[in-house]
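Student: Read left to right, the sequence shown gives residues 1 to 467 (UniProt numbering). We treat Cβ as the ideally placed atom computed from N, Cα and C, and that holds for glycine. This structure is a prediction, so every number in the text was calculated from the model and none was measured. Here's a structure for you.
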Amino acid sequence: MNPVLSDSEAYDEKPSISFTSLGLLVLDEIRLPGQEPLTDILGGSGAYASLGARLFLPTPLSRSLGWMMNIGNDFPELRQRYLESWGATMISFIYARIKANSSSAKDFMYTTSILQVDVSSLKSTPLSRSKAYHFLESPANIRSRASEILALRQGFGIPNPLIIWEPAPLSCKAENLQPCIEATGTVNVFSPNHLELARLFGEPLSTRFLDKEKIQSMALEFLNTNEGIGPDAKGFMIVRAGEEGCLVCARHIPPTWLPPFYRYGHDKVVDPTGAGNAFLGAFTIGDLLTEDAVQAACYGSIGASFALEQVGLPRLTRNEGASASAELWNGENVLERLSEYKRSIGGAEVLGHIDHITSTAQSIQDSRMLLEPPQRAKPAASSLHNAGYFMRDPHRLIVFVLVKHRLPKQQLLKSSGGLVIYINEELVIQETRSKIWADPEDHKTLIISSVAALTKNDRPLNNETPR
């Protein structure tokens with residue numbers, strides 16, 4: 001797959017824009033009990049979503065991040081210089097200040113009127129051609145805003161973009177469930193958090209103890225009661241669930257849970273504000289790179305992790321004259337963290353369908369991940385849908401599989417060597433480098449979207465030979 005933006009494009013006067021958030025940029029004043037207030041803290045859904053995208057758009061690709069900001073003539077110069085250091089394409093500064101005041105971790109109020117970025121302001125700017133847009137809106141507003149974007153672009157013959165919709169928290173209530181369902185036909189990704197999803201169904205959820213089964217049940221019910229996400233019904237629902245990670249689901253793939261980068265109680269987690277917005281910005285770039293929503297959710301998890309590490313936005317440093325890979329956020333390399341995350345969850349766990357396995361391998365910016373051509377057995381076509389290999393190094397082989405029929409242990413053929421693949425702690429497939437076996441006789445339907453593989457040096461969870 002082609003990169004989001006080539007190096008040569010990055011220096012054009014009108015760069016190709018990959019991501020634009022039409023959310024807010026605010027200056028927060030945070031008041032915590034017994035502490036001095038924190039002032040002029042950069043925040044807002046637009047700021048954090050743009051952060052998530054920027055993490056995966058190192059210089060010179062940073063110019064493909066579009067940002068239209070409404071700020072005032074009293075906006076702190078230090079904060080403005082920080083935002084300019086991102087190297088994004090920033091447009092339209094309007095004289096009005098938005099400032100938020102907080103009396104507790106989750107209670108807030110706006111102390112001035114809210115200035116929403118107007119879609120019509122994008123006209124005649126590079127941002128009108130953005131490959132993707134992020135909105136935080138009510139169901140009524142997202143339909144009109146999405147329609148405005150599409151109408152603006154159609155007038156110039158510009159292809160439709162990805163539209164990422166984060167529902168406005170106050171609009172997530174039971175009476176808006178049906179309007180939300182109807183509005184998802186106009187977007188490509190619908191992403192509430194778990195509490196917002198629960199409120200849409202009129203069912204409160206604890207912020208401390210999450211019921212993943214209930215979250216998944218509500219998500220699937222949402223999907224099954226509409227005509228599908230997006231105009232072609234091939235869009236995705238991403239439920240952001242805090243310390244439980246995220247749920248990726250759609251009509252054409254099985255529901256897939258991914259853990260967060262930081263587990264509950266990690267000492268590097270300082271403030272969750274903006275993590276969900278950052279997730280969606282990073283998710284969007286991941287989706288443009290890989291064309292795989294589950295892979296993109298890995299990017300999202302990393303985007304969220306950098307938002308969690310401080311109050312406000314993270315610190316960007318770079319070695320002048322060095323390659324883009326020398327960019328550091330809070331002293332960390334983003335792509336190295338992405339690789340670490342994938343290793344921690346077993347790598348293969350994060351891929352569902354295999355249609356884009358080649359483009360995915362080519363677009364992941366990790367030189368240690370190589371692609372080996374798929375090797376397949378020849379069972380009945382209905383038994384094995386597809387399979388492919390990723391090699392992280394010569395000693396580790398991970399297999400990605402979609403299977404249409406369950407393969408009980410007693411129906412597995414014996415292997416003289418190779419790896420043993422477990423799915424949900426059940427032995428499903430045993431394979432070597434040369435073959436994957438599947439039994440076509442069983443007719444129980446099962447689509448497998450995640451696998452965990454043992455290395456050659458590992459031993460199976462038990463020493464039994466499949467029977």
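1. Note down, in chain order, each residue of its chain lying with its Cβ closer than 8 Å to the Cβ of LYS123, except the 5 sequence neighbours on either side.
2. Could you work out which residue in ARG318, SER339 and TYR341 is closest to ASN330 when comparing CA atoms only?
3. In chain order, what residues of the same chain have a beta carbon less than 7 Å from the beta carbon of ALA296, not counting five sequence neighbours either side?
4. DSSP three-state label for GLU309, please.
5. Locate the beta strand (DSSP E) running through ARG240, then write down its first and last residues.
6. Taking 7 Å as the limit between beta carbons, can you name the residues of its chain near ILE30, skipping five residues before and five after?
7. Hey, could you find the ends of the beta strand (DSSP E) HIS134 is sitting in?
8. Any idea if CYS298 is buried or exposed, counting beta-carbon neighbours within 10 angstroms, 16 or more meaning buried?
9. What number of angstroms, rounded off, separates the C-alpha of ALA53 from the C-alpha of SER16?
10. For a test of the three-state rule: what should DSSP assign to ILE181, helix, strand or coil?
11. Helix, strand or coil for GLY23, going by three-state DSSP, please let me know.
12. Please state the DSSP three-state secondary structure of GLY274.
13. In this structure, what does DSSP give as the bridge partners for MET90?
14. Considering only their Cβ atoms, is the gap separating LEU55 from GLY346 smaller than 8 Å?
15. Whole angstroms are fine: how far does the CA of SER191 sit from the CA of ARG145?
16. For the beta strand (DSSP E) that LEU162 lies in, which residues bound it at each end?
17. Since I believe VAL269 is in contact with THR256 (beta carbons under 8 Å), could you give me their beta-carbon distance rounded to a whole number of angstroms?
18. Assuming GLY46 is part of the alpha helix (DSSP H), what are its boundary residues?
19. Rounded to the nearest angstrom, how far is the Cβ of GLU244 from that of LEU210, given a contact under 8 Å?
20. Would you grab the beta carbon distance between THR186 and ILE142 for me? Rounded to a whole angstrom, and I think it's under 8 Å.
21. Whose C-beta lies closer than 6 Å to the C-beta of LEU25 among residues of the same chain, with five residues either side of it excluded?
22. Rounded to whole angstroms, how far is the Cβ of SER130 from the Cβ of PRO161, which I believe are closer than 8 Å?
23. Let's see if you can read the secondary structure: which residues bound the beta strand (DSSP E) around PHE247?
24. Applying the 10 Å Cβ sphere with the 16-neighbour rule, what's the burial state of LEU32?
25. Looking at LEU177: is its Cβ nearer than 8 Å to the Cβ of LEU200?
26. Just to check my reading of the structure: ARG240 and ASN193 have Cβ atoms closer than 8 Å, yes? What is that Cβ distance to the nearest angstrom?
27. The alpha helix (DSSP H) spanning ILE215 covers which residue range?
28. Checking contacts by CB at 8 Å: is ASP287 closer than that to chain C?
29. Tell me ASN193's beta-bridge partners as DSSP assigns them.
30. Identify whether THR125 lies in helix, strand or coil by the three-state DSSP scheme.
31. Sorted by chain position, which residues of the same chain lie with C-beta nearer than 6 Å to MET218's C-beta, five sequence neighbours on each side aside?
32. So is SER128 buried or exposed if we call it buried at 16+ other beta carbons inside 10 Å?
Tutor: The relevant details are as follows:
1. Same-chain partners within the cutoff: LEU152.
2. ARG318
3. PHE283, GLY286, ASP287 and THR290
4. coil
5. 236 to 240
6. PRO37, LEU38, ILE41, SER102 and VAL311
7. 132 to 137
8. It counts as buried.
9. Computed Cα separation, rounded: 14 Å.
10. Residue state, collapsed to three classes: helix.
11. coil
12. coil
13. TRP67
14. Taking a C-beta distance under 8 Å as the contact criterion, GLY346 and LEU55 do not qualify as a contact pair.
15. 17 Å
16. 162 to 167
17. Between VAL269 and THR256 the Cβ distance is about 24 Å, and since that is not below 8 Å, they are no contact.
18. 45 to 55
19. 5 Å
20. 7 Å
21. Contacts found: GLY44, GLY46, ALA47 and MET69.
22. 6 Å
23. Reading the sequence as shown, one finds Leu at residue 247 and not Phe. 246 to 250 is the extent of the beta strand (DSSP E) around LEU247.
24. exposed
25. yes
26. 4 Å
27. 212 to 224
28. Protein chains in the displayed structure number just one, and chain C is not present.
29. ARG240
30. Residue state for THR125 is assigned as coil, using DSSP reduced to three classes.
31. LEU197 and PHE201
32. Buried.
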